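Whatever position you read off the sequence shown (first residue = 1), add 64 for the numbering used here. Cβ atoms here follow ideal geometry from the backbone N, Cα and C, with glycine treated the same way. Remember, it's a predicted structure, so these values are computed and weren't measured experimentally. So the structure is just underneath, and the comments pick up after that.
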Amino acid sequence: MKQVIKNVLNTLSLLVFFAGALQAQNWPQWRGPDANGIAEPGNYPVKFSSTEGLLWKTELPGKGGSTPVVWNDRIIITSGIGEGSEAEDGVLCYDWSGKLLWQVKLGKQNPGRHARGSGSNPSAVTDGERIFVFFKSSTAAALDFSGKVLWKTNLQDTYGEISYFWDLGSSPVLVNNLVVYTVMHEGPSYLVAFDKVTGKVVWKADRNYTSGRETPQ
65 MKQVIKNVLN TLSLLVFFAG ALQAQNWPQW RGPDANGIAE PGNYPVKFSS TEGLLWKTEL
125 PGKGGSTPVV WNDRIIITSG IGEGSEAEDG VLCYDWSGKL LWQVKLGKQN PGRHARGSGS
185 NPSAVTDGER IFVFFKSSTA AALDFSGKVL WKTNLQDTYG EISYFWDLGS SPVLVNNLVV
245 YTVMHEGPSY LVAFDKVTGK VVWKADRNYT SGRETPQ
């Protein structure tokens with residue numbers, strides 16, 4: 065069972081047999097454009113298997129639990145790069161044919177505790193110019209579509225130790241010129257908003273109630 069879980073987490077599959085319908089609408093964040101899991105009407109496949117509805121499949125370089133985001137013909141996903149104590153947080157970019165265009169390492173990974181968890185559970189979010197990511201290691205970063213790191217910070221280094229009961233499950237969100245990260249753990253929890261261009265902190269709001277794992281909307 066553990067091997068089955070590992071294989072699923074380490075594989076990125078594009079489960080569509082046509083490109084046009086999905087490419088017509090960008091999917092810039094977890095659960096889509098409106099964060100509700102709803103895509104525009106289209107002629108989507110209804111059957112999925114190892115042979116049906118599968119355009120291509122590729123192995124990821126490590127363990128990851130995030131969902132991909134799509135902007136035009138670029139597919140972005142976070143994943144560990146490497147295994148065990150040598151694994152690092154990573155961001156990967158594929159084109160629509162499944163070709164890996166680039167991958168970037170962002171520092172030592174904090175691995176998942178749950179059997180299905182990873183250090184890369186949160187999904188990326190993009191405004192079409194920049195890609196914003198978050199990891200269990202507390203690393204938050206912005207990259208451009210060539211893979212260049214525009215800014216990078218570590219919330220634990222700035223705000224103190226983060227102790228998750230299980231794993232990180234909250235993805236970053238964009239609000240106007242801000243990218244907002246959620247830290248909900250066994251200690252003092254909070255939201256923190258960064259200027260998406262400069263990476264400077266704009267505000268921080270404490271959450272003084274029982275921890276959760278939702279993504280803000």
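Check	Outcome
Would you be able to state if there are at least three C-beta pairs under 8 angstroms between the stretch 101 to 117 and the stretch 127 to 136?	no
Can you pull the DSSP bridge partners for Gln-167?	Leu-156
Going along the chain, which residues of its own chain have a beta-carbon closer than 6 angstroms to the beta-carbon of Leu-170, five neighbours each way excluded?	Asp-153, Thr-203 and Ala-205
Should Ser-210 be labelled buried (16 or more other beta-carbon atoms within 10 Å of its own) or exposed?	exposed
Which value, in whole angstroms, describes the spacing of the CA atoms of Thr-246 and Phe-199?	11 angstroms
Please report the Cβ distance between Leu-175 and Ala-151, rounded to the nearest whole angstrom; I am assuming they are in contact, meaning their Cβ atoms lie under 8 angstroms.	Before going further, note that residue 175 is Pro rather than Leu in the sequence given. About 7 angstroms; that satisfies the 8 angstroms criterion.
Taking only runs that begin and end inside the stretch 94 to 136, name each unbroken beta strand (DSSP E) of 3 or more residues, in chain order.	120 to 123 and 133 to 135
Give the DSSP-derived three-state secondary structure of Leu-219 in the structure shown.	helix
Pick helix, strand or coil for Ser-253, following the three-state DSSP scheme.	strand
Could you check the C-alpha separation between Val-155 and Gly-183 for me, to the nearest Å?	12 angstroms
Can you tell me whether DSSP reads Ser-235 as helix, strand or coil?	coil
So, is Ile-102 buried or exposed, given that buried needs 16 or more other C-beta atoms within 10 angstroms?	exposed
Helix, strand or coil, according to DSSP, for Trp-267 in the structure here?	strand
Between the alpha carbons of Ser-114 and Asn-272, how many angstroms are there, rounded?	46 angstroms
What whole-angstrom Cβ distance do Ser-143 and Gly-128 have, given they're in contact under 8 angstroms?	3 angstroms
For Val-197, which residues does DSSP report across the bridge?	Ala-205
How big is the Cα-Cα spacing for Leu-118 and Leu-164?	18 angstroms
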